[in-house]
Each structure stands twice: as C-alpha cells, then as structure tokens.
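I have placed the structure first, in the form of structure tokens, so that the comments after it can refer back to it.
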Amino acid sequence: MVISRIFYGKSVATGSRSVHLKYILILFLVLFAFPLFAESPHSIHWKKIESASGYTVEIRNEANKSNFINTTEPTVTTLLSVGKYTYRIGIYNKLKRIAKWSDWYELEVRPLRPPIVTEQVSDFEKDGNKQKLTFSGENIFEGTNAYVIQDGKKIPAEVTTSRDRKTSVVSVDANKVDVTKDYKVVLVNPNFESIEVPLIEKEGTSDTTSVATPNVKSSSRSPSLWPLLWRQALFPGWGHFYKGDHTVAYTYFTLFGASTLYTAHEYNQYFSLNDDLKSFRDTTTLVRALDPDGIAFPFFAGTVFENGLSQELAKQGQSVNRALSLVGAVYVSSIIHIIYSGLSKTTETTGKQTFQLQIGPDLNPYSNIRKVDMSQSRVDVNFNFYF
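Residue numbers 1003 to 1389, in our numbering, belong to the letters of the sequence shown in order.
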C-alpha cells in the first residue's frame, strides 16, 4: 500500500533523478563486488643461486597477460586477485642479462576459507628440540598460525605445509609443551577463523578393551553460518562464493544483477512518464491562461490526453512493483538457501570416532614401573563433537 501511494501520489521527480539512480546502482555494485575480486599479497620463494646477480619473476594470468618483477633476493611478494596463474623465474648473470629461465609452475589464489583438518597422521613426535605433529587438511596456506594450548597458556607454534598442500606439520618448542599432559592444537587463518586439530587417542596396554562406534562426518567441513549469512545479506551470492559453491554464487550474481538492472530500467521509465505528465499539466495551465474559453485548444482534448498519460503512469507503477517483487524474491531465496547450505553437511565419509569406551586396570601414566592392580579398574569415556 505504501508503494502504491508513492506511485499514484503527486511527484516532483525530475530527469536528473534517473541519472542519479544509475550512478547509485553502479556504486552499489562496485562496493559489494570489490571484496570478491580484491587483491591480496602473496609470496613466491625459491632456493638461492650463488652465481646469480639477481632474478626476474614472470607471472602470467589466465588472460596470458604477464607481469615482471625484478629482485635480488630469492623471494618476491606481489598483489594477486583470486584466480589461476603460471610463473617462471629468470636468473640474471654478472652482465645483468637473463642467463636461464626455470620451468613454468602453477599458482592458484583461492578465496580465504577456514582451515580444515581431514586426518591426523601422528601424535607429537620429538625431533631434536622440537615436538612435531603431522596431519592432513585443506586451506592451510601461508599466513595460517598454530598454537598449542596447555594449562591455560597459549603457546605459539609453527605450521608448514607440503608443496601439494596435502600434509602439514605443526612444530613447537619441546621445552614449552609437556606431551604427557592434556593439550589442544589450534589453527587460525588470517581471517581469525580457527579450528582445533582432533588428536589421536593414545594407545593403552594390552589389557585394555576398546568398544568404538565409527563416526560419519563431513570430509570438508563448511564455514560457520554467521560468516556466510552476513555476506549473503550484503550481496546475494557472496555467501556461496565464500563457501566455495561458485556455480550457485554466479547464478545468484546473475539473477540479482539482472533483476536490479531491470528494476532500474522500470524506474527510469516511470520517472520519464511522470516528467511528461508534469510537463503536460504545466503546458495546459499556460494554455488555459491564454485561452480561457477553450477556443484554440478544446478542454476535452487536454483531458483525454492527460487521462491517457495518467493510465500509462499507473501501469508503469505496477511494472515497478513487479520488478521490486522480483528483486525481493531473489534476495529472500538467497538468504534461505545460504541458511540451508550452512546448516547442512557436505560429503559424508567415515572419520574419527565420536564415542569411545575403554576399560582396563588403573595405571599411573607418569610412572616408569607399572604395576597392575586388578582390584581397581579405570573407565575412560571420550566424546568428540563436530559442527
């Protein structure tokens, strides 16, 4: 009802309003599309060559456009947007000429997502003065930090990932962590999104009986709902793009963009008709002042023409209402879809146990000499919850 009153009431809209609407729409699309395609710093490292006086790195994007970066150190940092690239490294000789090029290597820049741990390969194992924990996961990229939490203390650790991004190792100072006590290992990406590494249960003695129920969990855990929801609320499709569902994201981008442009077109038509009607009324008022008897310009002619413009304006107002309804339908559908996607699980595979029951003699884990007292037993019940 409120929208109908706006369309049918008296309006003072001018032609400049439709121009301003176009600029506002373009600014709106630029502001919310910017985070999707913004550039971020990325580094490339290689082994130092003693005979090289310098290096040049050629980075080529998917459109085969190259960018050359010169450096004297075996590393470069440059701004790259999301996409796939290839790069190669050239070696300068003493005459400042390129003596040799390396092979082409692939480089992919992905949207920043929460780290995912799919499998823990080993428990902490001592390597010199370091304790190292190996696991498999996804989204463990440069800039991901690791911490070991024990006795309420947050102990910084280092995380390194293999070139194929399938295996990662967390290293921590062996003097700062007591692996015989309870601890947690947490990974945090540059967006401050964290995940706890699920630890393997330590093996007990041969007298221990274990009853376990396998857990069916997601092999690739989705981001939490809130980061998806606020992105989707700002721009339909952004939440799915952040989640990794690019096909769904581009579908919403297209639907929302097309419906918004269609609504802007209908608004422009409405404002044009409203200007025509306003101009005709002003002209009629002037003619009536010059020809009050209606001799040169009959009254009924002006009335018929004005009624025709009014009817066209009313129909155009209905078209604007329908266009707004279409935009609203796309927006609401995207919100409902991201809520459903955020709460639902992805591919299900057998993973770490959610329930484990262990029954055995009560042993002192800190004693070098273990004595079994069968008169006393110990029961361990472990629960693991995945969200």
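By construction, the Cβ of each residue, glycine as well, lies at the ideal position given by its N, Cα and C atoms. Fair warning: this is a prediction, and the values are worked out from it, not measured in the lab.
- Per DSSP, the continuous beta strand (DSSP E) segment holding residue 1070 begins and ends at 1068-1073.
- Residue range 1240-1245 is occupied by the alpha helix (DSSP H) that includes residue 1244.
- Residue 1085 is classed as exposed because its beta carbon has fewer than 16 other beta carbons within 10 Å across all chains shown.
- In terms of Cα proximity to residue 1121, the closest of 1265, 1198, 1310 is 1198.
- In this structure residue 1059 is not in contact with residue 1087, their Cβ atoms being roughly 11 Å apart against a cut-off of 8 Å.
- Counting along the chain, residue 1158 sits inside no alpha helix (DSSP H); it lies in the beta strand (DSSP E) bounded by residues 1155-1163.
- Annotation for residue 1103: the continuous beta strand (DSSP E) segment containing it runs 1100-1103.
- The alpha-carbon separation between residue 1258 and residue 1317 amounts to approximately 24 Å.
- Annotated three-state conformation of residue 1330 is helix, per DSSP.
- Nearest to residue 1081 by alpha-carbon distance, out of 1066, 1187, 1043, 1096, is 1043.
- Counting only residues of its own chain and dropping the five nearest sequence neighbours on each side, residue 1334 has no CB closer than 7 Å to any other CB.
- Under the Cβ criterion (8 Å, minimum of three pairs), the region 1173-1181 does not count as touching the region 1136-1144.
- Per DSSP, reduced to three states, the secondary structure at residue 1253 is helical.
- In this structure, residue 1100 keeps its C-beta atom at 7 Å or more from the C-beta atom of residue 1057.
- Here residue 1241 is buried: its Cβ has 16 or more other Cβ atoms, across all protein chains shown, within 10 Å.
- Apart from the 5 residues on each side of it in sequence, residue 1103 sits with its Cβ closer than 6 Å to the Cβ of 1090, 1092 in its chain, given in chain order.
- Under the 8 Å Cβ criterion, the region 1272-1282 does not count as touching the region 1145-1153, having fewer than three qualifying pairs.
- Sequence-distant partners of residue 1159 (beyond 5 residues in either direction) whose C-beta falls short of 7 Å from its own C-beta, in its chain, are 1148, 1149, 1150, 1172, 1173, 1174.
- With distances taken between CA atoms, residue 1237 lies nearest to 1254 out of 1246, 1254, 1247, 1180.
- Out of 1118, 1250, 1342, 1181, the CA that lies nearest to the CA of residue 1191 is found in 1118.
- Closest by C-alpha distance to residue 1267, out of 1239, 1230, 1309, 1324, is 1324.
- Here the alpha carbon of residue 1095 sits roughly 5 Å from the alpha carbon of residue 1054.
- In this chain, the beta strand (DSSP E) harbouring residue 1135 covers 1132-1140.
- C-alpha of residue 1329 to C-alpha of residue 1188: approximately 42 Å in a straight line.
- Buried is the label assigned to residue 1244, since at least 16 other Cβ atoms lie within 10 Å of its Cβ.
- Residue 1233 holds the alpha-carbon nearest to the alpha-carbon of residue 1251 among 1063, 1233, 1264.
- Under a 10 Å Cβ-count criterion, residue 1344 is classified as buried, with 16 or more other Cβ atoms of the shown protein chains found around its own Cβ.
- When the five nearest sequence neighbours on each side are left out, the beta carbons in the same chain lying within less than 8 Å of the beta carbon of residue 1308 are those of 1279, 1282, 1283, 1286, in order along the chain.
- Each residue's CA atom was taken as its position, placing residue 1270 and residue 1332 some 21 Å apart.
- Spatial neighbours of residue 1230 in its own chain (CB-CB distance under 7 Å, excluding positions within 5 residues in sequence) are listed in chain order as 1241, 1244, 1245, 1340, 1344.
- In this structure residue 1070 is exposed. Its beta-carbon is surrounded by fewer than 16 other beta-carbon atoms within 10 angstroms.
- Membership of residue 1233 in the alpha helix (DSSP H) is indicated by the continuous run 1227-1236.
- Taken through DSSP and simplified to helix, strand or coil, residue 1343 comes out as helix.
- By the neighbour-count definition (other C-beta atoms within 10 Å, threshold 16), residue 1239 is a buried residue.
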